[in-house]
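S.K.:
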Amino acid sequence: MRDAEEGMALPLRPEDQSRREFMARLGLGACALTAAGAALTVLDFMEPKVLFEPATEFKAGNIQEYPEGTVKFNEEHRAYIIGGQGGVFAVSAVCTHLGCITRYHANEGMIACPCHGSQFDPEGNVTHGPAPRPLPWLEVKADAEGNLTVDTSMVIPHGKVLKA
Amino acid sequence: MNGNPFSQLASLVRGSAVYRSIVRHGAADTNRNRSLVIFENLFLHVHPVKVREKTLKFTHTYWLGGITISAMVVLIATGILLMFYYHPSVPQAYRDMKELKFVVDNGVFYRNLHRWAAHLMVLGAMLHMVRVFYHRAYRPPRQFNWVIGVVLLLVTLLLSYTGYLLPWDQLAFWGVSVGTNMAKEAPILGPPIRFLLLGGNIVSENALLRFYVLHCVLLPVALIGFLGVHIWRIRKDGGVQGPPEPPADDEVEP
């Protein structure tokens, strides 16, 4: 038994040792690369490429339907289309706090969120927390006849009213 | 061998080739065989062969870890039953919940059992944590097991949260809308995490399916994995620790 063990023990020179270490690291590196590749493909796999969500663009009637003070709520697209001074603008109805749908209260002339009590004026400015940011304004476009299209994915600066 | 017919039957069974192929040790009438009962059984071997009597006292641990695990066992059993009727799709999910409530025999019972056991598991895990904290059982050598315990609490809360969406009612929808918007507020990684979690920009059918897979597969597997390590480390760290010994007269309270 002892003889056999001694016979099997190969003399390891220092350069053999470093070669063995190099090969081991090469193997480990290949495994790490494979694991990283697998992780990336899984992450890519998890990201949906086609979404069957409602279109972000919708028709909002004619600009003539929005005299000053009109507030119309589009429930499906979660936006207010509002007739303001000298034009029309659209405000997102999704609360900037945690994403609940706000509601316009005509009597008080304010927008309020049922979830945590945030309040906004009809231009989307926060009048009462906890909402951290004003409601974003959405892009409104009009064709030659004054038919409006709102795009909820296009946020525009506050105060950019579409002139009538 | 005495003349009692039950003992005769017992020794007949014990002597049979089938029984001896399953249980290799003799009757538990010697200390060695009593140890082997524990050692040689997959389900018992997490236990020590001998425990101090005081560790079994209710006030030693308040049995909180055991209560939490029992709730988990109830949740797995009732959860599997619910899966036989539930489709993670819109609007079928809500209808299935209604069917469980009003049509399926004992559906209300098992659904409510799942819900109450879920509450009990969260409560039990939290109280267990409080108990461990006030008994100073988080100190070395158990400090890493405390960390695993924190992971287990997080997985438990995630299970509770992902299960919340599955009925697909108003509460579920807005609960998940609010929760994933909280995730979105995390810097840089927040919005992509929300997108991946929901499988889209809004709480939709994709989100329901993803939460279902998380709730029924990924999170339970993670829970059982970490739980195995947790229990194993209790043994390795010297068993459960109850109330700490009062300090000796000349010892300074840490």
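Taken in order, these protein sequences are the chains called L and S.
Mapped onto the working numbering, the consecutive letters of the first sequence carry residue numbers 41 to 204.
Mapped onto the working numbering, the consecutive letters of the second sequence carry residue numbers -5 to 248.
Backbone N, C-alpha and C fix where the C-beta goes; we use that ideal spot for every residue, glycine too.
Bear in mind that the values here come from a model prediction, so they are computed numbers and not experimental data.
1) Nearest CA to the CA of L/K112: which residue from L/F129, L/E97, L/T96 and L/Q125?
2) Is it buried or exposed for S/R136, if we count other Cβ within 10 angstroms and need 16 for buried?
3) Let's see if you can read the secondary structure: which residues bound the alpha helix (DSSP H) around S/A180?
4) Give a yes or no on whether the minimum CB-CB distance between L/M41 and chain S is below 9 Å.
5) Does any CB atom of chain L fall closer than 9 Å to the CB of S/I196?
6) What is the C-beta distance between S/Y79 and S/V98, in whole angstroms, given that I count them as a contact (C-beta under 8 Å)?
7) Within 8 Å, do at least three Cβ pairs link the stretch 218 to 229 of chain S to the stretch 126 to 146 of chain S?
8) Check each residue of the stretch 61 to 93 of chain L: if its Cβ is closer than 9 Å to any Cβ of chain S, include it; give the result in chain order.
9) How far does the beta strand (DSSP E) with L/S193 in it extend, from its first residue to its last?
10) Rounded to whole angstroms, what's the CA-CA distance from S/V7 to S/G60? Just pull it up for me.
11) Smallest Cα separation from S/F256: which of S/E245, S/T174, S/G9 and S/D243?
12) Let me check understanding here. Comparing Cα to Cα, which of L/Q104, L/P170 and L/L138 lies closest to L/G124?
13) So with Cβ pairs under 9 Å, would you call L/G169 a contact of chain S?
14) Cβ of S/V170 within 9 Å of Cβ of S/V197?
15) Since S/S83 meets chain L, which of its residues come closer than 7 Å, beta carbon to beta carbon?
16) Along the stretch 171 to 199 of chain S, what residues have a CB closer than 7 Å to any CB found in chain L?
17) With which residues is S/W162 paired in a DSSP beta bridge?
18) Among residues of its own chain, excluding the 5 on either side of S/V145, which ones have a beta-carbon nearer than 6 Å to its beta-carbon?
M.R.: On the basis of the data shown:
1) With distances taken between Cα atoms, L/K112 lies closest to L/F129.
2) Under this definition S/R136 is a buried residue.
3) DSSP places S/A180 in no alpha helix (DSSP H); its state is neither H nor E.
4) Confidence is the limiting factor: at L/M41 the pLDDT is only 49, short of 50, which leaves the residue's position unreliable and the question unanswerable from this model.
5) Answer yes: the Cβ-Cβ gap between S/I196 and chain L drops below 9 Å somewhere.
6) About 6 Å; that satisfies the 8 Å criterion.
7) Output reads yes: the stretch 218 to 229 of chain S touches the stretch 126 to 146 of chain S.
8) Listed in chain order, the positions of the stretch 61 to 93 of chain L with a beta carbon within less than 9 Å of a beta carbon of chain S are L83, M86, E87, P88, L91, F92 and E93.
9) Residues N187 to I196.
10) Cα to Cα, the separation comes out at about 34 Å.
11) Shown here, chain S extends from -5 to 248; a query on residue 256 of chain S therefore has no answer.
12) When the alpha-carbon of L/G124 is set against those of L/Q104, L/P170 and L/L138, the nearest one is in L/Q104.
13) Chain S, which has no Cβ nearer than 9 Å to the Cβ of L/G169, makes this no.
14) Yes. Within cutoff.
15) Per Cβ cutoff of 7 Å: no residues; S/S83 is ~13 Å from chain L at best.
16) Hits within the stretch, in order: S171, V172, N175, M176, L190, G193, G194, N195, I196 and S198.
17) Paired residue(s): none; S/W162 is not in a bridge.
18) The answer, listed in chain order, is F220.
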